[in-house]
Structures are given as C-alpha cells and as structure tokens.
Amino acid sequence: MAHGYLLASFISPLTNARTDAYGGSLQNRMRFPLEVLGAVRAVVPAHKPVSVRISATDWIPDGLDEEDAVEIARLLKAHGCDLVDVSAGQTTPESRPDIYGRMFQTHLSDRIRHEAGVTTMAVGAIQDWDQVNTIIASGRADLCALARPHLLDPHFTLRAAAEQNYRGPG
-17 MAHGYLLASF
-7 ISPLTNARTD
3 AYGGSLQNRM
13 RFPLEVLGAV
23 RAVVPAHKPV
33 SVRISATDWI
43 PDGLDEEDAV
53 EIARLLKAHG
63 CDLVDVSAGQ
73 TTPESRPDIY
83 GRMFQTHLSD
93 RIRHEAGVTT
103 MAVGAIQDWD
113 QVNTIIASGR
123 ADLCALARPH
133 LLDPHFTLRA
143 AAEQNYRGPG
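So this is what it looks like as structure tokens:
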C-alpha cells in the first residue's frame, strides 16, 4: 500500500480522483485497500502476522500527511494488520522528502506507533546496528528494515552480532 503502486494509488488524494465510494474522503479512499487486507487476513492463519507497508506522507502539499498516516494505521490495525512498515513518498514523480539524512523517516514510525497503538517497522537511511538499537531502545519502532547495509555487506547482521558479543538467547 506504498510508493504509488495500485493500493497506494487509491489511498493518496494525489492519485485518486474517483467520485464514487472509493474516492473523496480518507475513509472512502481506504475502502479498496481494506477490502484487500480483509481478503488476505481471511486466508492467513490467525497465529501468522500480516504486515502492510505504507507511504506515511506524500511529501507534497495536498497529499497524505502524518495525520492521515496515523488514521491509516488505525484503520489497518482495526482490519487485522499486525505490523505497519512505515515508509514514505514515491507516490508521484514530484515527491521529495522535506528532510533527508540518517534515519529520516523514523519520526513517522514513532508517531504512528504511539498514536495508532500499532507495531511498526522503521525504514529510511538506517545504516548501522547502533542506529537500530537506538530506534528500538527508545521505543520509536518495534523493528527496523535495512537495505543498503545488507547490500554492501551480506554478513551485516552476523558482523553486528559479533561486534556486540551477542551469543544468542538464554
């Protein structure tokens, strides 16, 4: 439901110009994505988690903003989503972050986690294990997703565990 793909195109007011029951208000724009989530949840066993990635902001005036993201997360949770993977932007070619730098989307995960009361995963320029530990220990997210560090070093997680003298549970 992120980055301008089909379900995201229903959610964002920048890409959804419908005038029927699937357009207009955020509740209406969420109708089809929630129908899809409901269909997924219906076939996934209750003991298995379902996660959804969202674009928490379009980074464009009149697009989705942080308040919308909190409401989207509340709706997702109410319809069986167990974890919201909080990304942002990439809804339209004009989409550009207001800010960019280390952990630049973490504040979105933090707000959604605390205001919507849903488990979140933070993404966006999270570059090392110290940043991951800081985000999780401070309660800004429950999980972190890192892409570039793993592309650079396929053994990133093993190396991070070794650097912290992690020996496993118990």
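Residue 68 in my numbering sits at position 86 of the sequence shown, with consecutive numbering throughout.
For glycine and all other residues, C-beta sits at the position ideal for the given N, C-alpha and C.
Here the structure is a predicted model, which is why all the values come from computation and not from measurement.
Item, Value
"DSSP three-state assignment for I42, whether helix, strand or coil", "coil"
"Element boundaries [beta strand (DSSP E), containing S37]", "S33 to S37"
"Sequence-distant residues of its chain with Cβ nearer than 7 Å to M(-17) (five each side left out)", "L(-11), A(-10), I(-7), P15, V34, R35 and I36"
"A70 beta carbon less than 8 Å from that of W111", "no"
"8 Å contact criterion, which S91 and R122 should meet: CB distance rounded", "6 Å"
"According to DSSP, residues forming a beta bridge with D67", "R35 and M103"
"Segment contact flag, the region 49 to 58 with the region -3 to 4, C-beta cutoff 8 Å, min 3 pairs", "no"
"Option nearest T102 by Cα separation, candidates A(-1), I54 and V22", "I54"
"Pairwise C-alpha distance: V26 and L65", "14 Å"
"Secondary structure of L133, DSSP reduced to three states", "helix"
"DSSP state of L8 mapped onto helix, strand, coil", "helix"
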